[in-house]
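Using my numbering, you'd call the opening residue of the sequence shown number 43 and step up by one each time.
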Amino acid sequence: MLEILQTLRDTPLPIILVVGGLVFLLVPFIRRVSDKVEVETTNKGFAGFIGFVLLTIGIGLYIIPTQESISGSPTTIPSAISAPETQKVDTAQSTTTSTQNSLPSPLIPHNTESIGTGVFSQATYSTGYAPVSQEDLNSSHFKIQSINLDTASNGCGTSWYSVYEIWFGGSSKTTLYLNGTAVGELFLGNGKQGHMIPLSVSAGDELCVKPIPPGGFHVNLGADIYYHYDSFCYRGNC
Numbered sequence: 043m044l045e046i047l048q049t050l051r052d053t054p055l056p057i058i059l060v061v062g063g064l065v066f067l068l069v070p071f072i073r074r075v076s077d078k079v080e081v082e083t084t085n086k087g088f089a090g091f092i093g094f095v096l097l098t099i100g101i102g103l104y105i106i107p108t109q110e111s112i113s114g115s116p117t118t119i120p121s122a123i124s125a126p127e128t129q130k131v132d133t134a135q136s137t138t139t140s141t142q143n144s145l146p147s148p149l150i151p152h153n154t155e156s157i158g159t160g161v162f163s164q165a166t167y168s169t170g171y172a173p174v175s176q177e178d179l180n181s182s183h184f185k186i187q188s189i190n191l192d193t194a195s196n197g198c199g200t201s202w203y204s205v206y207e208i209w210f211g212g213s214s215k216t217t218l219y220l221n222g223t224a225v226g227e228l229f230l231g232n233g234k235q236g237h238m239i240p241l242s243v244s245a246g247d248e249l250c251v252k253p254i255p256p257g258g259f260h261v262n263l264g265a266d267i268y269y270h271y272d273s274f275c276y277r278g279n280c
């Protein structure tokens, strides 16, 4: 129906209707046409009604929207739909950036030292005197897990965190395993403080130390690892 009215809009019909309507609206104000035809009062009212109808239809045809204006409105829909997709991409990028920026980093300078094979050949250590108190660790930097003889009597433990470095200490020669695969052999005991070892570990991975050093061992990991490692001696543990 709308298409028919739009077609009529582009014809002379609206003009004819408007002109005709105006003519009929003028009839009530004319007493007679020339000298021979006199317009009766009843016909004047009817002519006025017809004029109003014709004028309304003619103007109505003019204000019918064109096909372009109707079809143009949906073009805004793709942008409305694509907006959440853009937001998802921005969110994913910001999440990735946030994750990268939140990776643990040393609080004080570290030195590199080879203390064995594999991952132990790239070990690092610090003086351990970063000014972080035990109270600070307990209240703000407690994201750390410790695998040792007290928590893993068989030398194996499951990681709670996904990390790229671990804090390792062992009293004597031993081998570190990740999910059953040896990743490095410690040549000698590396003291109470131990070393930071570059090792990619995912949450749920199994870490094992075999054989278990007679004097014990510890494998520490977590987001707050450097707060604990770099303040080890400052907190009176050395």
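Glycine included, C-beta positions come from ideal geometry on N, C-alpha and C. In this text, all values refer to a predicted model and were calculated from it rather than measured experimentally.
**Prompt:** In whole angstroms, what is the alpha-carbon distance linking residue 167 and residue 211?
**Reply:** Within the sequence shown, numbered from 1, the residue matching residue 167 stands at position 125. Within the sequence shown, numbered from 1, the residue matching residue 211 stands at position 169. Each residue's alpha carbon lies about 11 Å from the other.
**Asked** Can residue 98 be considered in contact with the ligand FAD, in the sense that its beta carbon sits closer than 7 Å to one or more heavy atoms?
**Response** The model depicted lacks the ligand FAD and carries no ligand whatsoever.
**Message:** Here's the rule I'm using: 16 or more other beta-carbon atoms within 10 Å means buried, otherwise exposed. How should residue 105 be labelled?
**Reply:** Sequence index remark: in the sequence shown, residue 105 carries index 63 (1-based). Exposed, by the Cβ-count rule.
**Prompt:** So, are the CB atoms of residue 251 and residue 241 less than 8 Å apart?
**Reply:** Counting from one through the sequence shown, the residue named residue 251 turns up at place 209. Counting from one through the sequence shown, the residue named residue 241 turns up at place 199. It is not a contact, given that the beta carbons lie outside the stated cut-off.
**Asked** What residues in its chain sit with their C-beta under 6 Å from that of residue 227, if we drop five residues either side in the sequence?
**Response** Looking up residue 227 in the sequence shown gives position 185. Cβ neighbours of residue 227 beyond the five flanking positions: 158, 159 and 217.
**Message:** Using only the alpha-carbon positions, how far apart do residue 232 and residue 220 sit?
**Reply:** Residue numbering aside, residue 232 sits at position 190 when the sequence shown is read from its first letter. Residue numbering aside, residue 220 sits at position 178 when the sequence shown is read from its first letter. If you take the alpha carbons of residue 232 and residue 220, they lie about 20 Å apart.
**Prompt:** Using the beta-carbon count (16 or more within 10 Å), is residue 93 buried or exposed?
**Reply:** Your numbering for residue 93 matches position 51 in the sequence shown. By the neighbour-count rule (16 or more Cβ atoms within 10 Å), residue 93 is buried.
**Message:** What would DSSP say about residue 22, mapped onto helix, strand or coil?
**Reply:** Since the first residue of the chain shown is 43 and the last is 280, residue 22 is not available in this structure.
**Item:** Residue of 277, 57 and 235 minimising C-alpha distance to residue 262
**Value:** In the sequence shown, counting from the first residue as 1, residue 262 sits at position 220. Taking only the C-alpha atoms, the option nearest residue 262 is 235.
**Prompt:** Just how far apart, CA to CA, sit residue 201 and residue 256?
**Reply:** Stepping through the sequence shown from its first residue, residue 201 is reached at position 159. Stepping through the sequence shown from its first residue, residue 256 is reached at position 214. Rounded to the nearest angstrom, the two C-alpha atoms are 23 Å apart.
**Item:** Supposed close pair residue 264, residue 186 - CB separation, criterion 8 Å
**Value:** Numbered from 1 along the sequence shown, position 222 holds the residue referred to as residue 264. Numbered from 1 along the sequence shown, position 144 holds the residue referred to as residue 186. The pair is a contact, with the Cβ atoms about 4 Å apart (cut-off 8 Å).
**Prompt:** Which same chain residues, not among the five before or five after residue 147, have their C-beta less than 7 Å away from its C-beta?
**Reply:** Counted from its first residue, the sequence shown places residue 147 at position 105. Same-chain partners within the cutoff: 268.
**Prompt:** Hey, residue 272 and residue 183 are a contact pair by Cβ (cut 8 Å); roughly how many whole angstroms apart?
**Reply:** Stepping through the sequence shown from its first residue, residue 272 is reached at position 230. Stepping through the sequence shown from its first residue, residue 183 is reached at position 141. About 11 Å separates the two Cβ atoms, so there is no contact after all.
**Asked** Since residue 188 sits in a beta bridge, which residues does DSSP pair it with?
**Response** Counting from one through the sequence shown, the residue named residue 188 turns up at place 146. Answer is 262.
**Message:** I'd like the list of long-range same chain contacts for residue 174, defined as Cβ closer than 6 Å, with 5 residues on each side in sequence excluded.
**Reply:** As a first step, residue 174 must be located in the sequence shown, where it is residue number 132. If we look at residue 174 and ignore the five residues flanking it on each side, its Cβ neighbours are 269 and 273.
**Item:** The beta strand (DSSP E) enclosing residue 243, as first and last residue numbers
**Value:** Start at 1 with the first residue of the sequence shown, and residue 243 comes out as number 201. That run of the beta strand (DSSP E) goes 237-243.
**Asked** Where do the ends of the alpha helix (DSSP H) carrying residue 66 lie?
**Response** As a working mapping, residue 66 is identified with position 24 in the sequence shown. Counting along the chain, the alpha helix (DSSP H) containing residue 66 begins and ends at 55-68.
**Request:** Output the distance between the C-alpha atoms of residue 99 and residue 89, rounded to the nearest integer angstrom.
**Result:** Along the sequence shown, read from residue 1 onward, the residue named residue 99 stands at position 57. Along the sequence shown, read from residue 1 onward, the residue named residue 89 stands at position 47. For residue 99 and residue 89, the distance between alpha carbons rounds to 15 Å.
**Request:** Have a look at residue 61 and residue 87 and give me their C-alpha separation to the nearest angstrom.
**Result:** Counted from its first residue, the sequence shown places residue 61 at position 19. Counted from its first residue, the sequence shown places residue 87 at position 45. Each residue's Cα considered, the two are about 18 Å apart.
**Prompt:** What do you get for residue 172, buried or exposed, if any count of 16 or more other CB atoms within 10 angstroms of its CB means buried?
**Reply:** Position 130 of the sequence shown, counted from the start, is the residue given in the question as residue 172. Residue 172 is buried by the Cβ-count criterion.
**Item:** Proximity below 8 Å, CB of residue 162 to CB of residue 213
**Value:** The residue given as residue 162 occupies position 120 in the sequence shown. The residue given as residue 213 occupies position 171 in the sequence shown. No. Outside cutoff.
**Message:** Considering only the alpha carbon of each residue, which of 254, 169 and 176 lies closest to residue 199?
**Reply:** Here residue 199 refers to the residue found at position 157 when the sequence shown is read from its first residue. The candidate whose alpha carbon is nearest that of residue 199 is 254.
**Prompt:** In this structure, what does DSSP give as the bridge partners for residue 154?
**Reply:** Here the question's residue 154 lines up with position 112 in the sequence shown. DSSP lists 166 as partners of residue 154.
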